[in-house]
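Take numbering that gives the first Met the number 0: the last position of the sequence shown gets the number 223, and nothing is skipped along the way.
A quick write-up on the structure given underneath.
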Amino acid sequence: MGISQKTNPNILLTEVCNMNCAYCFAKETMMAPPKKEMSLADFERLLVFLKNNRQNEVRLMGGEPTLHSQFKEIVDLALSRSLKVKIFTNGFFSEDLAHWLANRGKFLEFVFNITAGAMAPDTTRKKIERNLGVLKKHSRIIGSVTMDGASFDGQKIVSFAKSNNIDLVRIGLANNRVGNTGDLVLDYKEIISVMMDFISKLKDSGIAKISLNCGFVPCMFTDD
0 MGISQKTNPN ILLTEVCNMN CAYCFAKETM MAPPKKEMSL ADFERLLVFL KNNRQNEVRL
60 MGGEPTLHSQ FKEIVDLALS RSLKVKIFTN GFFSEDLAHW LANRGKFLEF VFNITAGAMA
120 PDTTRKKIER NLGVLKKHSR IIGSVTMDGA SFDGQKIVSF AKSNNIDLVR IGLANNRVGN
180 TGDLVLDYKE IISVMMDFIS KLKDSGIAKI SLNCGFVPCM FTDD
């Protein structure tokens with residue numbers, strides 16, 4: 000059975016990550032050995048499937064996808080099949096890799112986890128900002144924000160987005176951790192109130208392009 004043209008699966012390249020986000024739903028899985036990653040042969044078979052189903056984009060996730068041992072080969076393989084590559088990343092990788100990716104320019108798009116970037120220690124945050132500076136000259140950048148409860152405070156994220164000239168922000172809700180159904184149960188009315196306040200702060204800072212990602216359901220919203 001094929002997939003529709005509007006449906007595009009997320010490709011989990013690796014279970015490895017180099018950050019430790021408090022809201023990560025797969026934290027325990029990624030910390031436990033052995034570390035798994037998709038083989039290049041399996042990825043090539045997947046590209047055939049996507050092309051056969053009229054897809055024009057491949058979406059690379061992890062873990063942190065840039066940590067895959069053959070990440071460059073994966074990107075180039077997808078580009079060689081005339082597929083646009085969208086990379087979901089925390090941005091914490093080497094400057095050499097940032098320039099290598101920048102050389103592929105408009106054929107790449109990045110969804111940066113700016114929640115992780117804004118909350119990272121100074122040294123890590125500066126490296127992420129350096130990479131953002133390299134990539135945004137050549138590729139489209141989307142800032143991804145994860146709200147993890149009614150106590151969410153987005154001021155650092157607003158400042159991070161503004162200082163790094165991110166003009167498109169996508170907001171999503173944190174998921175419960177694998178094997179634990181109770182640690183991120185949200186009060187929908189409270190989280191919507193917090194989200195609307197966060198959106199106002201984004202707009203006040205000059206960020207007008209805002210979209211919603213996973214986790215939001217119609218019953219969370221009032222008619223207004």
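Every residue, glycine too, gets a C-beta built ideally from N, C-alpha and C.
- Between the stretch 159 to 170 and the stretch 40 to 49, the count of Cβ pairs shorter than 8 Å is below three; the stretches do not touch.
- Counting only the Cα atoms, Val47 lies some 16 Å from Leu59.
- Looking from the CA of Glu14, the closest CA among Leu172, Leu49, Lys35 and Ala21 belongs to Lys35.
- As DSSP reads the structure, Ile141 sits in a beta bridge with Val110.
- Comparing alpha-carbon positions, the option among Leu76, Phe92, Phe151 and Ile190 lying closest to Met18 turns out to be Phe92.
- Lys83 carries a strand assignment under DSSP once its states are collapsed to helix, strand and coil.
- Around Thr65, the same chain offers Thr88, Phe92 and Leu96 as residues with beta carbons nearer than 7 Å, after the five sequence neighbours per side are excluded.
- Around Asn9, the same chain offers Arg58, Met60 and Phe87 as residues with beta carbons nearer than 8 Å, after the five sequence neighbours per side are excluded.
- Setting aside the 5 residues that flank it on each side, Lys208 is surrounded in the same chain by Asp166, Leu167 and Val168, each with a C-beta closer than 8 Å to its C-beta; the list follows chain order.
- For Glu128, no beta strand (DSSP E) run applies; the uninterrupted alpha helix (DSSP H) run containing it begins and ends at Asp121 to Leu134, by DSSP.
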